[in-house]
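For what it's worth, the working numbering labels the leading residue of the sequence shown as 22, then goes sequentially. C-beta: ideal position from N, C-alpha, C; glycine also. Here is the structure we will look at, set down as structure tokens.
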Amino acid sequence: MSARYVIGIDLGTTHTALASALLPEGDDASLVEVMAVPQLVAQATIDARPLLPSFLYLAHESEGPQALPWDAERRFVVGEHARGRGVDAPARLVSSAKSWLCHPGVDRRGTILPVGAPEDVEKVSPVEAAWRYLEHLSEAWDQAHAKDDPALSLAQQEIILTVPASFDAAARDLTVEAASAAGFEHLTLLEEPQAALYAWIAARGEHWRRDLKVGDVILVVDIGGGTTDFSAI
Numbered sequence: 022m023s024a025r026y027v028i029g030i031d032l033g034t035t036h037t038a039l040a041s042a043l044l045p046e047g048d049d050a051s052l053v054e055v056m057a058v059p060q061l062v063a064q065a066t067i068d069a070r071p072l073l074p075s076f077l078y079l080a081h082e083s084e085g086p087q088a089l090p091w092d093a094e095r096r097f098v099v100g101e102h103a104r105g106r107g108v109d110a111p112a113r114l115v116s117s118a119k120s121w122l123c124h125p126g127v128d129r130r131g132t133i134l135p136v137g138a139p140e141d142v143e144k145v146s147p148v149e150a151a152w153r154y155l156e157h158l159s160e161a162w163d164q165a166h167a168k169d170d171p172a173l174s175l176a177q178q179e180i181i182l183t184v185p186a187s188f189d190a191a192a193r194d195l196t197v198e199a200a201s202a203a204g205f206e207h208l209t210l211l212e213e214p215q216a217a218l219y220a221w222i223a224a225r226g227e228h229w230r231r232d233l234k235v236g237d238v239i240l241v242v243d244i245g246g247g248t249t250d251f252s253a254i
């Protein structure tokens, strides 16, 4: 089955975003669209926003279902409402999962998050937290695009997922594991500094050839929510 879209996903420490472009015109930056992601922004209130906060809230059973248009019985929250609920119940909030995903000093498949949560709070692994963010994107996309045509589901598209240049092989493998759990089959990892360079070249058009000459070094500075990377290309 041929992909109809190329999908770019920035799985960030504090925010996650998805952009899409139709194939084969996907190399034309003018065709790129950032998806407004439906999410809970307050109890029983859904809104579509261009950023999905990378927070997972493990709701207490007394809070009832955290219903979404595609899952009326969901018991956890991803996104804006998760971040908000974490202010009142920080022991139930998973944050900075991406930073834990690249932490070699912990069991990244182990149920260690939220850190310091009491015994009666369900815990998840950094891999599962990343999976839940990607799963939310997949379900939101399918709700908007694939209701009547399974061929348009996110899992059937070409997916580019960015990772920090500082991610080691283990962190990259765990990112792929999380993406596979979310159902992504056609996946390519792209280092974030490379993605930034490609975006700059696309925005400059042919003018970039006048900006640079052979032998020049480009410094890409990525000030992120969890780390800051400096990459020389």
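Whole-angstrom distance between Ala172 and Val184, CA atom to CA atom: 27 Å
Any C-beta of chain D under 8 Å from that of Gln164: Checking the listed chains, one finds no chain D in this structure; it contains a single protein chain.
Reference Glu140, options Thr37, Cys123 and Arg113, closest by Cα: Nearest option by C-alpha distance: Arg113.
Straight-line gap, Arg129 to Ala118 (C-alpha atoms, nearest Å): Roughly 10 Å separates the two Cα atoms.
Residue burial classification, Pro125 (beta-carbon count within 10 angstroms, cutoff 16): exposed
Spatial neighbours of Gly29 in its chain, beta-carbon cut-off 6 Å, leaving aside the 5 residues before and after: Ala40 and Ile181
DSSP three-state assignment for Ala150, whether helix, strand or coil: helix
Spatially closest choice to Asp250 from Ala220, Gln215 and Phe97, by CA coordinates: For Asp250, the nearest C-alpha among the options comes from Gln215.
Selected residue, minimal CA-CA separation from Ala190, among Asp170, His207, Ile254 and Glu212: Measuring from the Cα of Ala190, the nearest candidate turns out to be Glu212.
Residues near Ser174 by beta carbon distance below 7 Å, same chain, minus five either side: In the same chain as Ser174, and ignoring 5 residues on each side of it, the C-beta atoms closer than 7 Å to its own belong to Asp163 and Ala167, in chain order.
Contacts around Tyr154, its chain only, beta-carbon distance under 8 Å, and the 5 residues preceding and following it disregarded: Leu32, Thr37, Leu73, Ser75, Leu77, Val99 and Ala118
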